[in-house]
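Working notes, structure below.
Protein chains in written order, with the working numbering: chain E, 28 to 212; chain B, 28 to 212.
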């Protein structure tokens with residue numbers, strides 16, 4: 028699908044909004060769910076965690092393969108938050124600045140074994156923020172299931188070195204916006 | 028599920044974040060998809076449209092019953108937008124102010140027959156904005172499939188009077204934050 032419908036734009040941008048993160052091909056998401064279930068089925072996963080907005084559709088469909096609920100972290104501009112939330116901070120590479128992410132304390136506990144699902148993994152900032160949230164709750168991060176990893180940005184390998192199990196369904200190693208060529212790891 | 032897990036809070040707030048719009052019970056969303064398919068199956072729907080963020084999970088799972096892609100409108104603070112988007116404006120009752128919603132022109136055309144799916148329908152502002160977007164594209168709004176309509180806020184009935192087919196899986200007619208009682212239409 029990446030080769031067929033993805034577009035390489037200047038600035039190392041991979042445009043996949045026709046099937047992944049604006050218009051969503053949910054039958055593809057079903058196949059992604061089956062593959063992630065194959066990889067993580069023995070891990071006793073109790074919850075899938077993602078982050079708004081573009082991770083939600085994938086995580087929702089993937090959760091059907093696991094038969095567990097999905098929780099999505101909400102993004103807020105940094106400010107004081109009212110209520111009982113686990114929060115952490117994410118630095119945005121694309122938009123600049125720092126934002127808070129939060130999930131209600133009602134929905135994560137020390138008994139949870141969490142699979143994090145997201146559409147993209149680039150520098151890994153969002154994933155690190157989500158891992159911090161889960162750790163704050165005393166729950167276990169079983170791993171991360173990612174649709175597309177930008178291997179050349181190094182975030183995935185940094186997390187693997189920390190011992191996090193990161194399974195990316197596609198890892199783009201190199202792209203050329205002139206020729207449109209995409210090379211996978 | 029609303030009676031079992033919903034909570035009525037002061038200010039006519041119905042908290043359903045344990046299964047609908049923060050933590051998401053996607054097996055319930057499957058049942059919602061089957062019911063909406065039963066209602067709309069003869070309408071030749073080609074695309075499901077929702078709005079970020081809390082509509083995305085429901086729309087993604089519901090789309091599996093229809094076998095069509097999902098498109099989600101993105102929210103932006105009002106500003107000039109670059110690129111080819113259909114846009115419209117939505118007045119936010121909860122957060123105040125006006126924001127833009129947008130979808131890429133690549134993914135809506137005059138041949139589309141669109142079902143709008145969302146978690147809540149209250150005053151109907153978001154739904155009106157989405158209908159305007161679809162009309163701008165020259166596409167047809169077949170109707171709206173809503174998880175929970177707040178009947179007492181009147182947005183749904185106003186749209187029905189305009190001839191829009193609005194199918195809400197639950198319509199809350201009245202709530203009492205003292206007793207916690209919820210009365211359905």
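Yeah, the Cβ is synthetic: ideal placement off N, Cα and C, and Gly gets one too.
8 Å Cβ cutoff, residue i in contact with chain B
i	result
residue 96 of chain E	yes
residue 88 of chain E	yes
residue 51 of chain E	yes
residue 56 of chain E	yes
residue 62 of chain E	no
residue 99 of chain E	yes
residue 91 of chain E	yes
residue 205 of chain E	no
Beta carbon proximity, residue i to chain E, threshold 8 Å
i	result
residue 103 of chain B	no
residue 44 of chain B	yes
residue 153 of chain B	no
residue 112 of chain B	no
residue 166 of chain B	no
residue 84 of chain B	yes
residue 133 of chain B	yes
residue 174 of chain B	no
residue 79 of chain B	yes
Continuous beta strand (DSSP E) stretch holding residue i: start and end
i	result
residue 146 of chain E	140-148
residue 156 of chain B	Looking at the DSSP string, residue 156 of chain B is not in any beta strand (DSSP E); the run it does join, the alpha helix (DSSP H), is 152-163.
residue 195 of chain E	193-202
residue 176 of chain E	167-177
residue 41 of chain E	40-42
residue 211 of chain B	209-211
Within 8 Å, strictly: CB atoms of residue i and residue j
i	j	result
residue 176 of chain E	residue 66 of chain E	no
residue 98 of chain B	residue 74 of chain B	yes
residue 40 of chain B	residue 203 of chain B	no
residue 59 of chain E	residue 96 of chain B	no
residue 140 of chain E	residue 117 of chain E	no
residue 146 of chain E	residue 85 of chain E	yes
residue 200 of chain B	residue 189 of chain B	no
residue 49 of chain B	residue 134 of chain E	yes
residue 171 of chain E	residue 136 of chain E	no
residue 80 of chain B	residue 80 of chain E	yes
residue 180 of chain E	residue 152 of chain E	no
residue 115 of chain E	residue 156 of chain E	yes
residue 158 of chain B	residue 191 of chain B	yes
residue 63 of chain E	residue 43 of chain E	no
residue 174 of chain B	residue 30 of chain B	no
Assumed close pair residue i, residue j - CB separation to whole angstroms, cut-off 8 Å
i	j	result
residue 169 of chain E	residue 196 of chain E	Not a contact, Cβ separation roughly 17 Å.
residue 144 of chain E	residue 77 of chain E	5 Å
residue 128 of chain E	residue 160 of chain E	7 Å
residue 91 of chain B	residue 57 of chain E	7 Å
Boundaries (first-last residue) of the alpha helix (DSSP H) holding residue i
i	result
residue 188 of chain E	182-188
residue 30 of chain E	29-32
Check: residue i C-beta below 7 Å from any heavy atom of the ligand NAD
i	result
residue 43 of chain E	Ligands are entirely absent from the displayed structure, and the ligand NAD is therefore not among its contents.
Which ranges would you report for the alpha helix (DSSP H) in the segment 62-135 of chain E if only whole runs of at least 4 residues count? 82-93
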